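The block underneath contains the structure these notes are about, expressed in structure tokens.
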Amino acid sequence: MISRNSLTFHIKRDRLIIISGLFFITLSSWIYIIYLYKQMAYMDMNALFFAMPMTPEWTYIDFILLFLMWLVMMIAMMTPSVSPLI
255 MISRNSLTFH IKRDRLIIIS GLFFITLSSW IYIIYLYKQM AYMDMNALFF AMPMTPEWTY
315 IDFILLFLMW LVMMIAMMTP SVSPLI
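First residue of the sequence shown? That's 255 in our numbering, and the numbers climb one at a time after it.
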């Protein structure tokens, strides 16, 4: 049995947290891609130009998903530059 104060316990707990976070980010990304695909399913592919292939009006779901995408991107871009300070 591993005691709560041992190093292996903390390493296993940290790995579980990181793997869970990566799983959640991957799952969220796939849900966002599927959501965008469903918006583009009825798009006219014979159009002369492909501007923004989304519905003309944005819903609160679009804003939430866009914010989550921005949040993950900011964390991914800023973490390497801040990690020496931690």
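We put the beta carbon where it would ideally sit given N, CA and C, even for glycine.
Model, not experiment: these values are computed from the prediction.
_Please report the distance separating the alpha-carbon of ASP316 from that of MET331._
Against the sequence shown, residue 316 aligns to sequence position 62. Against the sequence shown, residue 331 aligns to sequence position 77. If you take the alpha carbons of ASP316 and MET331, they lie about 22 Å apart.
*Below 8 Å between beta carbons: does that hold for SER282 and LEU339?*
Here residue 282 corresponds to residue number 28 of the sequence shown, with the count starting at 1. Here residue 339 corresponds to residue number 85 of the sequence shown, with the count starting at 1. Their beta carbons are not under 8 Å apart, which means SER282 does not touch LEU339 by this criterion.
*Does the separation of the CB atoms of ILE204 and VAL326 fall below 8 Å?*
The chain is shown from 255 up to 340; residue 204 falls before or after that span and cannot be answered.
_Helix, strand or coil for THR333? Go by DSSP, reduced to three states._
For the purposes of this step, residue 333 is taken as the residue at position 79 of the sequence shown. DSSP places THR333 in helix when its eight states are reduced to three.
*If you follow the alpha helix (DSSP H) that LEU270 is part of, which residue opens it and which one closes it?*
Residue numbering aside, residue 270 sits at position 16 when the sequence shown is read from its first letter. Counting along the chain, the alpha helix (DSSP H) containing LEU270 begins and ends at 261-294.
_Beta-carbon spacing of LEU319, TYR291 below 8 Å_ = Position 65 of the sequence shown, counted from the first residue, corresponds to residue 319. Position 37 of the sequence shown, counted from the first residue, corresponds to residue 291. Result no, Cβ atoms of LEU319 and TYR291 do not sit closer than 8 Å.
_Using only the alpha-carbon positions, how far apart do ARG258 and TRP312 sit?_
As a working note, residue 258 is residue 4 in the sequence shown. As a working note, residue 312 is residue 58 in the sequence shown. Approximately 49 Å between the Cα atoms of the pair.
*Coil, strand or helix - TRP312 by DSSP*: Here residue 312 refers to the residue found at position 58 when the sequence shown is read from its first residue. Note: TRP312 maps to coil in three-state DSSP.
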